[in-house]
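Here the numbering used here is used: the first residue of the sequence shown is 10, the next is one more, and so on.
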Amino acid sequence: MYYDGTIENLLTPISNRGPWKLKQAETASLPVIPCLACHPIHLENELLGHPGSFDDPAAIFYEKEERNPLTGLYLRSDKMHLRADMLRKPEIFEGGISVLVSDDPIQRICIQCHATNWAHEAGSADDRTPTGVHEGISCRACHRDHSNNARNACKNCHPAVSSCGLEVLTMNTSYFRRESPNNIHSMKCTDCHDPIPGT
(Lines of atoms letter the chains of each structure in order from A and count residues from 1; the text may use other names and numbers.)
(Lines give C-alpha, C1' and ligand atoms only; values in the text may rest on other atoms or scores of the structure.)
Protein backbone atom coordinates (compact mmCIF):
# COMPACT_ATOMS: atom_id res chain seq x y z
CA MET A 1 0.00 0.00 0.00
CA TYR A 2 2.71 2.47 0.99
CA TYR A 3 6.14 2.53 -0.61
CA ASP A 4 8.64 1.34 2.02
CA GLY A 5 11.55 3.41 0.78
CA THR A 6 12.05 7.14 0.75
CA ILE A 7 11.53 9.53 -2.12
CA GLU A 8 15.29 9.31 -2.77
CA ASN A 9 14.92 5.55 -3.42
CA LEU A 10 11.96 6.08 -5.73
CA LEU A 11 12.50 9.13 -7.94
CA THR A 12 15.15 11.15 -9.66
CA PRO A 13 15.86 14.07 -9.67
CA ILE A 14 14.92 15.19 -6.16
CA SER A 15 13.61 18.65 -6.94
CA ASN A 16 10.35 20.50 -7.24
CA ARG A 17 10.85 21.07 -10.95
CA GLY A 18 10.91 17.59 -12.57
CA PRO A 19 10.57 15.88 -14.94
CA TRP A 20 10.77 12.92 -12.55
CA LYS A 21 11.65 9.35 -13.43
CA LEU A 22 11.24 6.18 -11.40
CA LYS A 23 14.59 4.68 -10.44
CA GLN A 24 13.12 1.15 -10.59
CA ALA A 25 10.64 0.55 -13.42
CA GLU A 26 8.94 -2.31 -11.52
CA THR A 27 7.63 0.15 -8.92
CA ALA A 28 5.28 1.63 -11.54
CA SER A 29 2.88 -1.33 -11.21
CA LEU A 30 2.76 -1.44 -7.39
CA PRO A 31 -0.57 -0.51 -5.77
CA VAL A 32 -0.14 2.64 -3.71
CA ILE A 33 -1.90 5.38 -1.87
CA PRO A 34 -1.02 8.38 -4.02
CA CYS A 35 0.80 11.31 -2.43
CA LEU A 36 -2.13 13.56 -3.26
CA ALA A 37 -4.42 11.52 -1.02
CA CYS A 38 -2.75 13.28 1.92
CA HIS A 39 -0.52 16.05 0.54
CA PRO A 40 -1.67 19.12 -1.42
CA ILE A 41 0.26 20.16 -4.52
CA HIS A 42 0.49 23.82 -3.58
CA LEU A 43 2.00 24.74 -0.23
CA GLU A 44 1.85 27.96 1.71
CA ASN A 45 5.67 28.06 1.85
CA GLU A 46 8.54 26.86 -0.30
CA LEU A 47 9.70 23.26 -0.05
CA LEU A 48 12.45 22.54 2.46
CA GLY A 49 14.90 21.83 -0.35
CA HIS A 50 16.64 18.96 1.39
CA PRO A 51 15.37 15.66 2.79
CA GLY A 52 14.39 15.55 6.46
CA SER A 53 15.63 12.75 8.69
CA PHE A 54 13.21 9.93 9.42
CA ASP A 55 15.84 8.40 11.73
CA ASP A 56 15.55 11.19 14.29
CA PRO A 57 12.46 10.58 16.49
CA ALA A 58 12.55 14.21 17.68
CA ALA A 59 12.13 15.36 14.08
CA ILE A 60 9.00 13.29 13.39
CA PHE A 61 7.43 12.84 16.82
CA TYR A 62 3.68 13.26 16.52
CA GLU A 63 3.36 15.99 19.16
CA LYS A 64 5.89 18.24 17.44
CA GLU A 65 4.21 21.49 16.47
CA GLU A 66 4.13 21.84 12.72
CA ARG A 67 4.76 25.21 11.17
CA ASN A 68 2.67 24.39 8.13
CA PRO A 69 0.43 21.34 8.10
CA LEU A 70 1.27 19.53 4.87
CA THR A 71 -1.41 16.91 5.07
CA GLY A 72 -5.10 17.00 4.47
CA LEU A 73 -8.08 15.07 3.22
CA TYR A 74 -8.38 15.19 -0.56
CA LEU A 75 -11.98 15.46 -1.72
CA ARG A 76 -12.01 14.04 -5.23
CA SER A 77 -15.48 15.34 -6.04
CA ASP A 78 -14.45 18.91 -5.18
CA LYS A 79 -10.83 18.52 -6.31
CA MET A 80 -9.56 20.19 -3.15
CA HIS A 81 -7.77 19.48 0.10
CA LEU A 82 -9.03 20.12 3.61
CA ARG A 83 -6.11 20.65 5.96
CA ALA A 84 -5.90 17.91 8.59
CA ASP A 85 -5.95 20.41 11.43
CA MET A 86 -9.26 21.77 10.10
CA LEU A 87 -10.99 18.37 10.16
CA ARG A 88 -13.28 17.57 13.07
CA LYS A 89 -11.82 15.37 15.80
CA PRO A 90 -13.90 12.16 15.78
CA GLU A 91 -16.00 10.96 18.67
CA ILE A 92 -15.37 7.26 19.26
CA PHE A 93 -16.92 5.02 21.90
CA GLU A 94 -16.14 1.72 23.58
CA GLY A 95 -19.18 0.07 25.15
CA GLY A 96 -21.02 3.41 25.11
CA ILE A 97 -18.18 5.23 26.93
CA SER A 98 -16.24 7.95 25.12
CA VAL A 99 -12.67 6.97 24.16
CA LEU A 100 -9.83 9.49 24.49
CA VAL A 101 -8.76 10.20 20.91
CA SER A 102 -5.39 11.81 20.16
CA ASP A 103 -5.33 15.51 19.32
CA ASP A 104 -2.89 14.77 16.48
CA PRO A 105 -4.55 16.19 13.34
CA ILE A 106 -2.88 13.54 11.17
CA GLN A 107 -4.85 10.83 12.96
CA ARG A 108 -7.98 12.45 11.51
CA ILE A 109 -6.60 11.48 8.09
CA CYS A 110 -5.94 7.89 9.21
CA ILE A 111 -9.54 7.61 10.41
CA GLN A 112 -10.86 8.50 6.96
CA CYS A 113 -9.92 4.97 5.82
CA HIS A 114 -9.66 3.23 9.18
CA ALA A 115 -13.20 4.26 10.04
CA THR A 116 -15.58 2.96 12.68
CA ASN A 117 -19.05 1.60 12.05
CA TRP A 118 -22.15 3.82 12.08
CA ALA A 119 -22.20 3.81 15.92
CA HIS A 120 -18.61 5.11 16.14
CA GLU A 121 -17.59 2.00 18.11
CA ALA A 122 -13.82 1.58 18.65
CA GLY A 123 -12.41 -1.48 16.91
CA SER A 124 -15.42 -1.88 14.60
CA ALA A 125 -15.18 -2.07 10.82
CA ASP A 126 -11.65 -0.88 9.87
CA ASP A 127 -11.10 1.24 12.99
CA ARG A 128 -7.73 1.02 14.76
CA THR A 129 -8.21 3.79 17.35
CA PRO A 130 -5.98 2.88 20.31
CA THR A 131 -7.90 1.85 23.44
CA GLY A 132 -6.84 0.06 26.60
CA VAL A 133 -3.22 0.68 27.61
CA HIS A 134 -2.58 2.74 24.45
CA GLU A 135 -5.72 4.90 24.63
CA GLY A 136 -5.12 8.50 23.61
CA ILE A 137 -1.89 8.04 21.65
CA SER A 138 -1.64 8.93 17.99
CA CYS A 139 -1.20 6.47 15.15
CA ARG A 140 2.11 8.23 14.46
CA ALA A 141 3.43 7.37 17.91
CA CYS A 142 3.98 3.87 16.48
CA HIS A 143 3.54 4.01 12.70
CA ARG A 144 6.05 5.89 10.58
CA ASP A 145 4.78 8.28 7.95
CA HIS A 146 4.86 6.99 4.38
CA SER A 147 6.01 3.44 5.17
CA ASN A 148 3.56 2.70 8.01
CA ASN A 149 6.43 0.70 9.50
CA ALA A 150 6.00 0.09 13.23
CA ARG A 151 9.30 -1.76 13.82
CA ASN A 152 11.07 -0.52 16.93
CA ALA A 153 8.05 1.68 17.76
CA CYS A 154 7.66 0.23 21.27
CA LYS A 155 11.06 1.43 22.40
CA ASN A 156 10.13 5.04 21.58
CA CYS A 157 7.98 5.04 24.74
CA HIS A 158 8.72 1.85 26.66
CA PRO A 159 11.82 0.56 28.41
CA ALA A 160 13.00 -2.83 27.14
CA VAL A 161 11.34 -4.55 30.09
CA SER A 162 7.79 -3.58 31.07
CA SER A 163 6.66 -2.74 34.60
CA CYS A 164 5.40 -6.31 34.94
CA GLY A 165 8.85 -7.73 34.16
CA LEU A 166 8.16 -8.93 30.60
CA GLU A 167 10.18 -7.91 27.57
CA VAL A 168 7.98 -5.44 25.69
CA LEU A 169 8.92 -6.52 22.16
CA THR A 170 8.19 -10.21 22.79
CA MET A 171 4.95 -9.95 24.79
CA ASN A 172 2.07 -12.02 23.41
CA THR A 173 0.58 -9.19 21.32
CA SER A 174 -0.30 -8.71 17.66
CA TYR A 175 2.85 -6.54 17.41
CA PHE A 176 5.03 -9.58 18.14
CA ARG A 177 2.82 -12.22 16.50
CA ARG A 178 0.04 -11.27 14.09
CA GLU A 179 -2.07 -14.26 15.20
CA SER A 180 -2.01 -13.18 18.87
CA PRO A 181 -5.43 -12.72 20.52
CA ASN A 182 -4.08 -9.54 22.17
CA ASN A 183 -4.51 -6.78 19.59
CA ILE A 184 -1.88 -4.10 20.21
CA HIS A 185 -4.48 -1.42 19.36
CA SER A 186 -6.93 -2.48 22.07
CA MET A 187 -5.11 -4.59 24.66
CA LYS A 188 -5.63 -4.09 28.36
CA CYS A 189 -3.47 -5.29 31.26
CA THR A 190 -6.23 -7.75 32.19
CA ASP A 191 -5.93 -9.45 28.78
CA CYS A 192 -2.84 -11.18 30.17
CA HIS A 193 -3.00 -10.59 33.94
CA ASP A 194 -5.57 -11.58 36.55
CA PRO A 195 -7.32 -8.44 37.83
CA ILE A 196 -7.12 -9.89 41.35
CA PRO A 197 -3.73 -11.55 41.98
CA GLY A 198 -3.98 -15.12 43.16
CA THR A 199 -7.39 -15.82 41.58
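All residues carry an ideal CB built from backbone N, CA and C; glycine is no exception.
Computed from a prediction, not measured in an experiment: that's the story for all the values here.
Item	Value
Per DSSP, Y83 is paired with what?	H90
Quick one: Cα of T125 to Cα of L91, how far?	20 Å
Does the separation of the CB atoms of N18 and K30 fall below 8 Å?	no
Rounded to the nearest angstrom, how far is the Cβ of K197 from that of G141, given a contact under 8 Å?	4 Å
Please name the residue in A134, L79 and T138 whose C-alpha comes closest to that of E100.	T138
If contacts are defined as beta-carbon pairs under 8 Å, then F185 and L178 qualify, I think. What distance do you get, rounded to the angstrom?	7 Å
Of all the options D136, D154 and R26, which has the alpha carbon lying nearest to the alpha carbon of I193?	D136
My guess is that A131 and V108 are in contact by the Cβ rule of under 8 Å, so how many angstroms apart are they, rounded?	5 Å
Would you check if the region 18-27 and the region 152-171 touch, i.e. whether three or more CB-CB distances between them fall below 8 Å?	no
Please classify S86 as buried or exposed, where buried requires at least 16 other C-beta atoms within 10 Å of its C-beta.	exposed
Evaluate G145 with the Cβ neighbour count: other Cβ atoms within 10 Å of its Cβ, from every protein chain shown; 16 or more gives buried, anything less gives exposed.	exposed
Rounded to a whole number of angstroms, what is the C-alpha to C-alpha distance between C201 and C173?	11 Å
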